[in-house]
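Sequential numbering of the sequence shown, starting at 1185, is according to our numbering.
We put the beta carbon where it would ideally sit given N, CA and C, even for glycine.
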Amino acid sequence: MAQSKFRAIIIGGGPGEDTKSKIRTGAGIKDIEATKNGVRVHLTSGGFVDGSIVIGADGVHSRTRDIMQRLAEEAGEGFSGEEEPIVSNYQILYGRAKYVPKVEIGNFFEAHGTYRSSQISADKDRMHFGIYRKLTCPTTDLRKEYSKDEVAEFVEAFSDVMVMPNLSFPELYENCEWIRLVNQHEGLMKHWYYGRVVLAGDSCAQMTAAVGLGVNNGIQSAVLLVNKIQKVLSNDPKPDTETLERAFEEYQNTRREESRVICDIAAKAIRVNTWDSYMSWFLGDVIFPWMVSDEKLMAKAGYELVRGAHKFDFIEGDLKSGKIPWVTL
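Below you can see the structure in the form of structure tokens.
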């Protein structure tokens, strides 16, 4: 799903106009100021917003994370030196293309190769894809911007690749509506909060897109964080900073360990898919297919990862359930 469509769903799906009026688009965070009983967020568009807490779900390039670490440093409680660097070992060309009539709809195709792999699926209107390649040297440059020449070189390097049984990468590229070449970040922050500022999503846990769990992992963090905040507010509508920090610590301790598992799965998957070593190839293309089918593998992942997912614990109602029942943690 394109980000623009996702944003439209979120903004248009709120409970009322009062909620929509609180959503500000095109306004970034310039700075965060700790006040006596809350926070003041200064905006890049001018002005400020006062609130009780700041949740930084602003991605791998998180401005909130940078400010949070700076606030801790200024208070003599700095921890940025304890963090492991965010590293990129792979790059991905991802995008959307017009549907090609001969392409099979509804199936997900994945191709493996030496230091490269591809993933693609199609609906009746569009094809969505990700093409991966291992970098010649790992980098900690989070804001790498690729030039047109670098994109052209990447495209040429995949001129011999079949992304589906009857679709080559060059043919896919000819039908592209948009593409973007970026690095894939891998990392896991040790500190997810300070004071009234707390992180969620890619701002504190980064992984490759190889298993498609990044968004789900971020959503899980958001759900548990909201549960923790709701529990605090049910006892005290105006909690002090210490009370909030205790809730944030519980959230961090739970979600960091869960995210570590997901990050590890994603790291192993991209290395298996790109034949990073002889053992990666042997496991991914010989042992795993022999031991378990793709269908059973996906069912197992759904059974173990999805059924026990965090759910809002303060919303009453009859939740939908399928063949695999939900488990309450």
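Other residues of its chain near residue i: CB distance less than 7 Å, five sequence neighbours each side excluded
i, result
"residue 1425", "1379, 1380"
"residue 1401", "1389, 1443, 1446"
"residue 1256", "1262, 1263, 1378"
"residue 1472", "none"
"residue 1464", "1455, 1456"
"residue 1277", "1315, 1338, 1363, 1365"
Residue i classed as buried or exposed, judged by whether at least 16 other C-beta atoms fall within 10 angstroms
i, result
"residue 1369", "buried"
"residue 1376", "buried"
"residue 1432", "buried"
"residue 1318", "buried"
"residue 1240", "buried"
"residue 1356", "buried"
"residue 1193", "exposed"
"residue 1343", "exposed"
"residue 1453", "buried"
"residue 1412", "buried"
"residue 1502", "exposed"
"residue 1351", "buried"
"residue 1275", "buried"
Which of helix, strand or coil DSSP assigns to residue i
i, result
"residue 1454", "helix"
"residue 1480", "helix"
"residue 1361", "strand"
"residue 1395", "coil"
"residue 1415", "helix"
"residue 1352", "strand"
"residue 1255", "helix"
"residue 1447", "helix"
"residue 1246", "coil"
"residue 1221", "coil"
"residue 1490", "helix"
"residue 1305", "strand"
Counterpart residues of residue i in DSSP-defined beta bridges
i, result
"residue 1297", "1300"
"residue 1210", "Answer is none; residue 1210 lacks a bridge partner."
"residue 1341", "Note: residue 1341 sits in no beta bridge, so no partner."
Close-in-space but distant-in-sequence residues of the same chain around residue i (CB under 6 Å, 5 per side omitted)
i, result
"residue 1441", "none"
Same chain, Cβ closer than 8 Å to residue i, five either side skipped, listed in chain order
i, result
"residue 1383", "1239, 1240, 1241, 1246, 1248, 1249, 1252, 1373, 1376, 1377"
"residue 1434", "1412"
"residue 1467", "1456"
For residue j and residue i, believed in contact at Cβ under 8 Å, the rounded distance
i, j, result
"residue 1228", "residue 1243", "Going by Cβ atoms, the distance from residue 1228 to residue 1243 rounds to 15 Å, so no, they are not a contact pair."
"residue 1371", "residue 1270", "4 Å"
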